[in-house]
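See structure below.
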Ligand SMILES: *Cc1c(COP(=O)(O)O)cnc(C)c1O
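Residue numbers (my numbering): 3 to 411.
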């Protein structure tokens, strides 16, 4: 017997669940890529993508995944030998730094470990030690650790110190999930990709950049024609904006996804993610009252709202994941970059996604399946997780929780 037949649920932090509306929007004949409907549609899409990101300045769209946007941002800003301050809080922060270093950028990494957000005192020391750094690289939400960093506080720190560098932020796991204000938070370069909060297949990379970033990067000698952000979106001939054929069906899908986000309203999107994340944390707290279950980030104020990294002991993280996928139709995320002495593959860890097109039954169902898996595998855990999750969502639904969340912020 298996409990997994029926509609399965991919609860990994990207690619995320694609709405039927997005899939249906992609079910289209090939369009004219030189003029007409597609060209008109993309002009409006670009503006709406700025609304989603609370951005006002420039946007370059590439055919590529998140890693492509790292390279796009790096090559448009840096020259060989430039310094970049990297404030790393997990695997993805280090990944961006490695990509920069491979291009010949001097990546000055401050590592905040795998359980903590950026510490402002150590960030201050890093900024003071490299006043000539061209940019500061920050990951808003590091998807491996599920830590969420305070980007506005980094901007303020840079301003207080008079640091002239660009603030560059990876929002691949957070845009469309966690509150983010590109313009108001003084972010010069913001990168994201289509397959997480934007609910579209992997394959589109977005790079938002300020006029200041464009000017600072004007002489970047790492720039190559294909990645040049000045051309993207600015050429009169649509075909040139893409350096060839546009990613037609990804654009149809993204158009529909952005329409869905704006119909819901970004504040409501953020609040929905806050509520569902809080339900996950409430369940985790109950599980953790007995046995080894722990969330990777202890302080709720520093947790992402789209993904939650958790640990058990031994190889129980992997055992649990395999059980939920094969026995119950819910695929959880692997532990990423969480190897430890005694656990070289990070098998104690796993990740619960609550990212993008998710609602109460999906998240409560995922939690119920995890609870069932813990029982089926005999993994010790505290009781009352589902009750706690339901209570949390009931409080959010009554408005009790959001009021207190926004007061705290
Ligand atoms: C997913 C992710 C990436 C990598 O994106 P890909 O599309 O897999 O290349 C980079 N940074 C963060 C924070 C991510 O969540």
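Just so it is clear, CB atoms sit at the ideal spot from N, CA and C, and this is done for glycine as well.
Within its own chain, the residues whose Cβ lies closer than 7 Å to the Cβ of residue 257, once the five positions on either side in sequence are excluded, are 27, 43, 47, listed in chain order. When C-alpha distances from residue 341 are compared across 109, 298, 142, the shortest belongs to 298. Annotated three-state conformation of residue 108 is strand, per DSSP.
For residue 217 and residue 73, the gap between their C-alpha atoms comes out near 18 Å.
The nearest non-hydrogen atom of ligand 1 is 7 Å or more from the C-beta of residue 311. If you check the C-beta of residue 204 against ligand 1, you find a heavy atom less than 7 Å away. With contacts defined as CB atoms closer than 8 Å, residue 355 and residue 331 fail to qualify as a contacting pair.
The C-beta distance from residue 281 to residue 394 rounds to 5 Å, short enough to fall under 8 Å. Using a Cβ-Cβ distance cut-off of 8 Å, the region 187-194 and the region 249-269 are not in contact, since fewer than three pairs of beta carbons, one from each stretch, lie closer than that value. Ranked by Cα distance from residue 169, the first of 198, 87, 222 is 87. Its Cα nearest to that of residue 145, the residue 173 stands out among 25, 110, 173, 161. Contact between the region 206-214 and the region 61-77 is present: 3 or more CB-CB pairs across the two stretches fall below 8 Å. Bounds of the alpha helix (DSSP H) holding residue 156 are 153-163.
Of the heavy atoms belonging to ligand 1, none sits nearer than 7 Å to the Cβ of residue 398.
In the DSSP assignment, residue 68 falls within the unbroken alpha helix (DSSP H) covering 68-79. The Cβ atoms of residue 150 and residue 304 sit closer than 8 Å to each other.
In terms of side-chain proximity, the C-beta atom of residue 218 is found no nearer than 7 Å to any non-hydrogen atom of ligand 1. For residue 379 and residue 300, the gap between their C-alpha atoms comes out near 25 Å.
In this structure, the CA atom of residue 272 is about 21 Å from the CA atom of residue 140. Placement of the Cβ of residue 143 at a distance of less than 7 Å from at least one heavy atom of ligand 1 is found. A contact between stretches requires three or more CB pairs, one per stretch, nearer than 8 Å, and the region 173-191 fails this requirement with the region 363-373.
Secondary structure at residue 232: coil, using DSSP grouped into helix, strand and coil. For the pair residue 134 and residue 214, the CB atoms are not nearer than the 8 Å cut-off. The continuous alpha helix (DSSP H) containing residue 254 extends over residues 250-266. With respect to the C-alpha of residue 309, the residue from 348, 4, 14 having the closest C-alpha is 14. Of the heavy atoms belonging to ligand 1, at least one sits nearer than 7 Å to the Cβ of residue 67.
Taken from the Cβ of residue 180, every heavy atom of ligand 1 lies 7 Å or farther away. Taking the Cβ of residue 358 as the reference point, every heavy atom of ligand 1 lies at 7 Å or farther away. Here DSSP, grouped into helix, strand and coil, assigns residue 276 to helix. Residue 327 counts as buried, since no fewer than 16 other beta carbons sit within 10 angstroms of its beta carbon.
Distances from the CA of residue 350 to each of 368, 240, 311, 370 were compared; the closest alpha carbon is that of 311.
In the three-state reduction of the DSSP assignment, residue 5 falls in the coil class. Comparing alpha carbon positions, the residue from 373, 367, 307 closest to residue 357 is 307. When 200, 264, 383 are compared, the shortest CA-CA separation from residue 288 is found for 383. Around residue 66, the same chain offers 207 as residues with beta carbons nearer than 6 Å, after the five sequence neighbours per side are excluded. A residue is called buried when at least 16 other Cβ atoms come within 10 angstroms of its Cβ; residue 3 does not meet this threshold and is exposed.
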